[in-house]
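Reading through the structure tokens given below for one structure.
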Amino acid sequence: MNRREEVDTNIILFDGVCNLCNGLVKFMFKYDKKAVFSFASLQSETAEILLRKAGLTEVPDSVIVIKEGKALVKSEAALSIIQQLGGWFKLLLIFRLFPRSIRDRLYDEVAKRRYKWFGKKESCMIPTKEQRKRFL
């Protein structure tokens, strides 16, 4: 494990073969100017270790944010990412006004159809040399 994993904060775990999820990672490289987040594919050994440390025994069908050693999933993970990005993205935090059960139900519907709507890769993305610095 490297130093970032020991801190266990602001780590995005994503489905490495999902085009939508890979799009999120590319989006983050563009808009996370302060490099607040680091990344790991859910298919990686690193993700397995981080999830176990956060107390998750099963991998949820969700993007996951590890923040201060705790795992945030589904809409809470998405809103945590938005909050950290700041700027005009914070306008999307209005979704916190909706009950988590409703937000998560919507999240689940998109997650269930993500491969059908956005496609699936045969293997995880290959990050550039610069991007690799933020992968665990």
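Heads up: the sequence shown is residues 93 to 228, going by the working numbering.
Glycine is no exception: its CB is placed at the ideal position from the N, C-alpha and C atoms.
Since the structure is predicted, the reported quantities are computational estimates derived from the model, not experimental observations.
Problem set entry | Through-space distance from L116 to V227, alpha-carbon basis | With the sequence shown as reference, residue 227 is identified as Phe, and Val is not the correct amino acid for it. Straight-line Cα distance between these residues: approximately 14 Å.
Exercise. Across which residues does DSSP place A132 in a beta bridge pair?
Worked result: L105
Exercise. Should the region 103–112 be called in touch with the region 127–135, which here means at least 3 C-beta pairs below 8 Å?
Worked result: yes
Problem set entry | Inter-residue spacing [alpha-carbon to alpha-carbon] between F150 and K182 | Note that residue 150 is Glu in the sequence shown, not Phe. Roughly 30 Å between the two C-alpha positions.
Exercise. According to DSSP, is S156 helix, strand or coil?
Worked result: Note on residue identity: the sequence assigns Ile, not Ser, to residue 156. Of the three classes helix, strand and coil, the one that applies to I156 here is strand, per DSSP.
For this session: Could you please give the first and the last residue of the uninterrupted beta strand (DSSP E) stretch that includes L184?
Result: Looking at the DSSP string, L184 is not in any beta strand (DSSP E), and its letter there is neither H nor E.
Problem set entry | Where A170 falls, given that 16 or more other Cβ within 10 Å makes a residue buried | buried
Exercise. Got a sec, what are the start and stop residues for the beta strand (DSSP E) A163 sits in?
Worked result: 162–165
For this session: With distances taken Cα to Cα, identify the nearest neighbour of V128 among I158, K145, N114, G147.
Result: I158
For this session: Please classify I194: is it buried, with 16 or more other beta-carbons within 10 angstroms of its beta-carbon, or exposed?
Result: exposed
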